[in-house]
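Top to bottom, those sequences are chains C and L. Under the UniProt record's numbering, the first residue of the first sequence is numbered 1, with each subsequent residue one higher. Under the UniProt record's numbering, the first residue of the second sequence is numbered 1, with each subsequent residue one higher. Report on the structure given below.
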Amino acid sequence: MKKDTSNINSLENEAIYIMREVAAQFEKPVLLFSGGKDSITLVRLAVKAFYPAKVPFPLLHIDTGHNFPETIEFRDRLCKELGLELIVRNVQDSIDEGKVKEESGRYASRNMLQTTTLLDALEEFKFDAAIGGARRDEEKARAKERIFSVRDDFGQWDEKNQRPELFDMLNGSINHGQNVRVFPISNWTELDVWSYIEKENIEIPSIYFAHKRKVFLRDGMIWSAEDDVVYRDENEEVIEKMVRFRTVGDMSCTAAVYSDAVSISKVVEEIRDSTISERGARIDDKRSEGAMEKRKQQGYF
Amino acid sequence: MEVLKIATAGSVDDGKSTLIGRILYDTKSLTSDKLKAIEDKSEQLGYDYLDFSLATDGLMAEREQGITIDVAHIYFSTKKKSYIIADTPGHVEYTRNMVTGASTSQASIVLIDARKGVIEQTNRHFFINNLLRIKDVVVAINKMDLVDYSEEVYNKIKADFTELMSKRDYQDQKITFIPVSALKGDNVVNKSNEMPWYKGEALLEHLEQLDKADIFNSGTPRFPVQYVIRPKTEEFHDYRGYAGKVYGGDLSVGDDIIVLPSKTRSKIKDIYFYDEKYETASRRSSVTITLENDINVSRGDMIVKENDIPTIDKQFTANVCWMDTDQLTPGGKYIIQHGVNKVLAKVDRINHKINPDYSGFEKNVTGLNINDIASVSFKLNKPIFYDQFKNHRTNGSFIIIDPQSNNTVGAGFIQ
Ligand SMILES: Nc1nc2c(ncn2[C@@H]2O[C@H](COP(=O)(O)OP(=O)(O)OP(=O)(O)O)[C@@H](O)[C@H]2O)c(=O)[nH]1
Ligand SMILES: [Mg+2]
């Protein structure tokens, strides 16, 4: 009996339904793949949705050039194993072409710059739907997001004028120039994602597990000192600690947490007991109170 | 663990967002960084209390104006259940967002400001909750702290609301009254000491003991085909799977079925979920079905049990919630999306407008304005396979799409 009683099963059923709607309603969908746990979960759901056929859309990775090397390696292996088509577009190219300017200073990050590269890539391939792993529990502006979220020509989110989304009917009709961002795991919490990864035995990059790392402390957060991506003052001392990452965004804005969780079940336990939110370790949200909303208006994921 | 989806309802400033924030706070579901953000913002706004509405009002415009504009989905869990609460706006202008939040919910909390009592917007939201056939409604009489926790005030509002209830269409809807103070936390998660006269449960206690049978609508099985899976690989050369979600009831291997609209008969051969086969697909599961015979099935077709066929028709009448600033008028052409099926539709006539304050009907209406609710008859360019909304929540509902703007401009419930 295929049961739909538990929380995680019903979330999975909903996400698979959404994946299939995307494939049916759009001409050229794409799955935005960051190498993080949410997008890895999306890939798993896509594989399940279309089995035994192949996933009917490619993956697109916007590479900031500041990714953890572990994630890139993982990404390439995953695509190869599953026979998925992968498209990579680089923020570095957008910088070289003079479309965006690199930030400088203490909090410099390429996180904001990805938006331009992303919008250009969507246009280049004429993608009309982009599937992403954003969840409503992540951040207060994201809690307002629809599952099919229409964006205009400039990729902008009109947060005060969203389409009503009733029952589970998803309206994917769009005008020329518009595209849709799709969020199949909108209703999942961080704990749901981890429980699913555990249940499905999904492989994830090693940086999600506790490991010894050279780090330094700033503003009460733990930053990686292993690569020269994160700007570090001379007086900021490098120490070695057992840490793991809860999200794997751009290295320059993703802080680590102290952790002993070396296995998936330990990670699940840790998340369950955690008193701080996942985005608590993301410096990009701390820039201002409405930081996420502003980025979304501009076409950020 | 079961997921329970709940929506809030009630007029502007009745305290919906505050109530949810309070639930999150008292169940210790707010992480320390989110709590800190609420503390800081409350202080910055010059409050001497924590403004819990800040936990859900996530848009800048909302925080500046102190109102909710669009639905926020909030997640928390107890040992017993996982909850998804849709915090909906109270303002009339954003009724469409309220309908959006309520449409996916199994239970609803209607808030009333104890100082104001039952007002037009309470009527409207209760009406919509009833129209949507939400099975369990909690009427939370809020801001009891501002009326000295008075039993008389509570009883008066309860009596007024009970009168409304007698007029509702869906009489089986279960209604529970709870006096609360969202701000102070009385009877929200913890029982209040201020209202010894109230013998019932606190809000969360009530939600915790709601049973599946109390809140989930069921019906007969319907399987709208979402997507046809044809791998065309060597291993699965002849495989033809029909992917979709099962609604209403279960489907099993060996069931005699009919495919609509062709009315071809067949039997369910296999039920797949990913690479595993199952004997039964229970409702709300996203499965892939194969049939005994090689017949032509495409997206928008529906697989049903042979002895349980829905209405197949090119016209129907429905209660419509209109959500667009452009009027709906007789003769108007739209796209109707019924499940995964899209058809062209023409408004045949507007039968009557329904006053959501329960004051009756309005006949001879020439057009529907935003937030109007009315009985409307449609003609379609090809038949759809539907049930009455009261018998089947999924197969009896649809959305209306404007073919020019492509926006969702209305929702309908088939009569
Ligand atoms: N004294 C008192 N004030 C309350 C209570 N509940 C809410 N409030 C206040 O009422 C005001 C409105 O509260 P909100 O929670 O924003 O109201 P709402 O129903 O979400 O409003 P909209 O979403 O805009 O429809 C705020 O100033 C709250 O602090 C209560 O129980 N007692
Ligand atoms: Mg509110």
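Where a beta carbon is used, it is the ideal one built from N, C-alpha and C, also for glycine. Model, not experiment: these values are computed from the prediction.
query                                                                                                                                                                                   : result
Anyone know if the C-beta pair for P184/C and L78/C falls short of 8 Å?                                                                                                                 : no
In terms of residues, what are the limits of the beta strand (DSSP E) holding F177/L?                                                                                                   : 174-179
Please work out which residues of its chain come closer than 8 Å, Cβ to Cβ, to D136/L, disregarding the five sequence neighbours upstream and downstream, and give them in chain order. : Q106, A107, S108, Q173, K174, T176, L210, D214, I215
Do P205/C and T71/C have their C-beta atoms closer together than 8 Å?                                                                                                                   : yes
Check each residue's C-beta against every heavy atom of ligand 2 and list, in chain order, those closer than 5 Å.                                                                       : K16/L, S17/L, T68/L
Run down chain C in chain order and give the residues with a C-beta less than 8 Å from the C-beta of T31/L.                                                                             : S274, T275, I276, S277, G280
I need the DSSP call for P69/C, collapsed to helix, strand or coil.                                                                                                                     : helix
Any idea what DSSP makes of I20/L, helix, strand or coil?                                                                                                                               : helix
Helix or strand or just coil, what does DSSP make of M1/C?                                                                                                                              : In this prediction, M1/C scores a pLDDT of 47, lower than 50, which makes its location untrustworthy; no coordinate-derived value is stated.
Does N407/L pass the burial test, meaning 16 or more other C-beta atoms within 10 Å, or should it be called exposed?                                                                    : buried
Give me the chain C residues within the contact set of F236/L, using Cβ-Cβ distance strictly less than 7 Å, ordered along the chain.                                                    : P52
My guess is that P356/L and R133/L are in contact by the Cβ rule of under 8 Å, so how many angstroms apart are they, rounded?                                                           : Between R133/L and P356/L the Cβ distance is about 16 Å, and since that is not below 8 Å, they are no contact.
For residue 418/L, which residues in chain C fall below 9 Å Cβ to Cβ?                                                                                                                   : Residue 418/L is absent from the structure shown; chain L starts at 1 and stops at 415.
Along the alpha helix (DSSP H) that carries L113/C, what are the first and last residues, could you check?                                                                              : Segment: none, L113/C is in no alpha helix (DSSP H) and carries neither H nor E.
Give me the subset of the segment 6-30 of chain C whose CB atoms are less than 7 Å from a CB atom of chain L, sorted by chain position.                                                 : S6, N7, S10, N13, I16, Y17, R20, E21, A23, A24
Sort I67/L, K28/L, L183/L, L291/L by Cα distance to L146/L and report the nearest one.                                                                                                  : L183/L
Closest Cβ-Cβ distance between R163/C and chain L: below 8 Å?                                                                                                                           : yes
For S285/L, which of helix, strand or coil comes out of DSSP?                                                                                                                           : coil
Just tell me which of E14/C, L191/C, H176/C has its CA closest to the CA of Q404/L.                                                                                                     : H176/C
I want to see whether chain L comes within less than 8 Å of S34/C, judged by CB atoms only; does it?                                                                                    : no
For L380/L, which residues in the same chain have their Cβ closer than 6 Å to its Cβ, ignoring the five residues on either side in sequence?                                            : K314, V343, A345
Quick one: grab the DSSP three-state call for L50/L.                                                                                                                                    : coil
I'd like the list of long-range same chain contacts for I271/C, defined as Cβ closer than 7 Å, with 5 residues on each side in sequence excluded.                                       : E190, L191, W194
By a C-beta neighbour count over all protein chains shown, 10 Å radius and 16 as the cutoff for buried, is H66/C buried or exposed?                                                     : buried
List, from N- to C-terminal side, the alpha helix (DSSP H) runs of 4 residues or more that fit wholly inside the segment 183-247 of chain L.                                            : 203-208, 212-215
Buried or exposed: which applies to K36/L, given that a residue is buried once 16 or more other Cβ atoms fall within 10 Å of its Cβ?                                                    : exposed
Quick check: is the beta carbon of N175/C nearer than 8 Å to any beta carbon in chain L?                                                                                                : yes
Mind checking who G360/L pairs with in its DSSP beta bridge?                                                                                                                            : N355/L
Answer with buried or exposed for W223/C, where buried requires no fewer than 16 other C-beta atoms within 10 angstroms of its C-beta.                                                  : buried
What residues of chain C sit near Q226/L, judged by a beta carbon separation below 8 Å?                                                                                                 : Y17, R20, E21, A24
Between R232/C, T254/C, E81/C, Q178/C, which has its C-alpha nearest E203/C's C-alpha?                                                                                                  : E81/C
Are there 16 or more other CB atoms within 10 angstroms of the CB of K5/L, so buried, or fewer, so exposed?                                                                             : buried
With 8 Å set as the bound, which would you pick, yes or no: does the beta-carbon of A256/C sit closer than that to a beta-carbon of chain L?                                            : no
Examine chain C for any beta-carbon lying closer than 8 Å to the beta-carbon of P231/L, and answer yes or no.                                                                           : yes
What is the DSSP secondary structure of R213/C, reduced to helix, strand or coil?                                                                                                       : strand
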